[in-house]
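As you go down the protein sequences, you meet chains A and B in turn.
All residue numbers for the first sequence refer to the working numbering, where the first residue is 57 and numbers rise by one.
All residue numbers for the second sequence refer to the working numbering, where the first residue is -18 and numbers rise by one.
Positions of the beta carbon are idealized from the N, C-alpha and C atoms, including for glycine.
Have a look at the structure below before the remarks.
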Amino acid sequence: MDRLGAAGYRETNERDMGKSGISLYSGRWRQIHCRMMTGLCALAVLTLLAVLLIIMTYILLQGIPGLNWQFFTRPPAPVGLPGGGVYHAITGSLVLVGLACLIAIPWGVAAGIFLAAPRRPGPLAALVRFTADVLSGVPSITAGIFIYTLVVVRMHTFSALAGGLALAIVMLPVVTRNTEEILRLVPRGLQEAALALGISWWRVMLHIVLPTAARGVAIGITLAMAGVAGDPVPLFFTALNNNHFSLDLTQPMASLPMEIFRYAAGPFVTWHRLAWSGALVLIGIILLPMLLARIILPGYRIRR
Amino acid sequence: MSYKLRVEALQAWYGQHQVLKGISMPIRANTITAVIGPSGCGKSTFIRCLNRMHEVVPGTRVAGRVWLDGRNIYNGINAVEVRRRVGMVFQTPNIFPAMSIFQNVVAGLYLNGIRGRRQLQERAENCLQQAGLWEEVRDRLHDTAAGLSSGQLQRLCIARALAVEPEILLMDEPCSALDPIASIRIEELMRELKASYTIILVTHNMQQAARVSDYTAYLCDGELVEYESTPEVFIRPKDSRTENYITGRGADTRPL
Ligand SMILES: Nc1ncnc2c1ncn2[C@@H]1O[C@H](COP(=O)(O)OP(=O)(O)OP(=O)(O)O)[C@@H](O)[C@H]1O
Ligand SMILES: [Mg+2]
């Protein structure tokens, strides 16, 4: 940083030193300027890290005391009784997010591939991109209401299926755009080399571009997953909540964000502690696939 | 001798900008044709039109006809088929980073449905040998290609292009990133390949064009200025622009 900056200024310096020998960036001022910019950058980074650190330590401090075997293995205790856990919400969240992934990942990745493909941009691509843009602009409550009228009203009950669908709607455009952006980072030359071998564009995308960018795409997917895993809003009209452990897709299902919401808004101190622990578990569940994607999948440096 | 490829009134655009302004040239089978000309005159664009790679860039347009064995590649043939018959080697070696050396060589076959292990292995060995790379990589066929030198990578790209058995090989400045010895090896390789392929070579290196090619085309500002047998072009150029370019004089030239 420092050396780069100095070299840049030296050039300016020589150019600006006209006959007068006076320069905007002469000696001392140049050094001060350089230090100031470095300092500002460092400050920004430190602020960000500090905020992150404070949040994480706070959640850890508040959440860890509530973590015990029961917390992971038991459904909630009846109101007023101590103990109980969020077992039902952990499994519920896994099922709901899993359902959403089942729908949003194949469709989203396929749409992303389609958008990033080396073809002439046709009306269909424009339509897909426009739809993805509109969908990602739609507030998540709208997805909930939409599925409510479409599924819940017809099935006459809130259900995990409806919840998964609502989450899928929220997740789909994010997966699509993340995938497209990442695939676009793969150099054109690579696509062209493959096309020039007489390989059709969709095979090029699927077998050459996608594997090259697999890690980025996977991280993009986990980010989209993280977004929906922590969002209770689409679930209010769809999966709702459930006090009991259930894997029945046609019945309401609990989820971590809904339980955190319920416990945090409740009147009991024990509930508040459960909410904190729930938040901690939620963060863990979100971080796990992200770390896995980074560890398992290879990243490629593309030589030019 | 028969004409493998006949280019007729070929025009090409990037958006509104016309780069090729009507090029007509017949190209004989089993010859090496060098395409030379100042930077930006449209050499790359020209050869990219010969295997329909030009249309891959958004906003581009092509007009004219290119007859490959008497069939117009812009009419009634699928672009994928055209590219299978007209292979291409690029200026920068674009290896597929997620694949091993072996997989890189056979990618064009494998992804077009040829899956027989023995067959792929034979073809890979054969093509690597043709490209003069076999001895250097035979012990690390299944390693990633990232560990190869630029010259080796370029030969790998040639092997990869040969693996799909094209009839024509387009080469866009294949030696520009290589040292003289690696370049000479690729030139030798081209001479060997001439027996079974028709080669069109874009180069900025006049000596290379003179050494390796049978015919030379001088392109200037999107027009074909001169197209003759290579000795003819280098010894008795008809057009003063060609002469200036070859000898390194004149306004629109860039020596070597
Ligand atoms: N992707 C592109 N978009 C717009 N214009 C382009 C594009 N590629 C090339 N051109 C223009 O087309 C003209 C011809 O380019 P081309 O790459 O064919 O030249 P070239 O003869 O191969 O040059 P060089 O010897 O430098 O490789 C140039 O004026 C260039 O600016
Ligand atoms: Mg070029």
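When beta bridges are read from the DSSP output, residue 201 (chain B) appears opposite B:204. Against residue 256 (chain A), the close residues of chain B are 61, in the order they occur along the chain (beta-carbon pairs closer than 7 Å). One alpha carbon belongs to residue 175 (chain A), the other to residue 288 (chain A), and they sit about 39 Å apart. Under DSSP, residue -13 (chain B) shares a beta bridge with B:7, B:48.
Counting only Cβ-Cβ distances below 7 Å, residue 356 (chain A) has contacts in chain B at 78, 79, in chain order. With respect to chain B, the C-beta atom of residue 115 (chain A) has no partner C-beta closer than 8 Å. Ranked by Cα distance from residue 144 (chain B), the first of B:107, B:172, B:159, B:163 is B:107. Those residues that bring their Cβ nearer than 7 Å to a heavy atom of ligand 2 are B:24, B:25, B:72, B:153, B:154, B:183. Between residue 227 (chain A) and residue 283 (chain A), the beta carbon gap of about 7 Å places them in contact (Cβ cut-off 8 Å).
Sequence-distant partners of residue 124 (chain B) (beyond 5 residues in either direction) whose C-beta falls short of 8 Å from its own C-beta, in its chain, are 81, 82. CA-to-CA, the gap between residue 47 (chain B) and residue -14 (chain B) works out to about 7 Å.
Judged by DSSP in its simplified three-state form, residue 120 (chain B) adopts helix.
Not one heavy atom of ligand 1 sits closer than 7 Å to the Cβ of residue -17 (chain B). When beta bridges are read from the DSSP output, residue 152 (chain B) appears opposite B:70, B:182.
Within the segment 8 to 41 of chain B, the residues whose Cβ lies closer than 8 Å to any Cβ of chain A are, in chain order, 32, 34, 36, 37, 39. Across the structure, residue 285 (chain A) and residue 145 (chain A) are spaced so that their CA atoms are roughly 11 Å apart.
Approximately 23 Å separates the beta-carbon atoms of residue 198 (chain B) and residue 73 (chain B); this is outside 8 Å, ruling out the contact. Shortest Cα-Cα distance from residue 222 (chain A) to any of A:201, A:167, A:135, A:119 involves A:201. Judged by DSSP secondary structure, residue 218 (chain A) falls within the alpha helix (DSSP H) whose first and last residues are 216 to 241.
No residue range can be given for residue 142 (chain A), since it is assigned to no alpha helix (DSSP H) and is classified by DSSP as neither H nor E. Contact between the segment 205 to 214 of chain A and the segment 245 to 255 of chain A is not established, with fewer than three Cβ pairs separated by less than 8 Å. Put simply, the CB of residue 71 (chain B) is near chain A, with a gap under 8 Å to one of its CB atoms. Residue 206 (chain A) carries a helical assignment under DSSP once its states are collapsed to helix, strand and coil. Each of B:7, B:-6, B:0 was checked against the Cα of residue -12 (chain B), and the nearest Cα belongs to B:7. By the criterion of a C-beta distance shorter than 8 Å, residue 219 (chain B) is surrounded in its chain by 207, 209, once the five residues flanking it on both sides are discounted.
Between the alpha carbons of residue 156 (chain A) and residue 168 (chain A) lies a gap of roughly 17 Å.
Residues of the same chain with a CB within less than 7 Å of the CB of residue 77 (chain B), apart from the 5 flanking positions on each side, are 85, 88 in chain order.
For residue 193 (chain B), the enclosing alpha helix (DSSP H) begins and ends at 187 to 193. Within the chosen limit of 7 Å, ligand 1 does not reach the beta carbon of residue 35 (chain B) with any heavy atom.
Residue 172 (chain B) and residue 233 (chain A) have their C-alpha atoms some 48 Å from each other.
Here residue -2 (chain B) is exposed: its Cβ has fewer than 16 other Cβ atoms, across all protein chains shown, within 10 Å.
For residue 100 (chain B), the number of other beta carbons within 10 angstroms of its own is below 16, and it is reported as exposed. Taking a Cβ-Cβ cut-off of 7 Å, the neighbours of residue 145 (chain B) in chain A comprise 253, 254, given in sequence order. In this structure, the alpha-carbon of residue 3 (chain B) lies about 28 Å from that of residue 175 (chain B).
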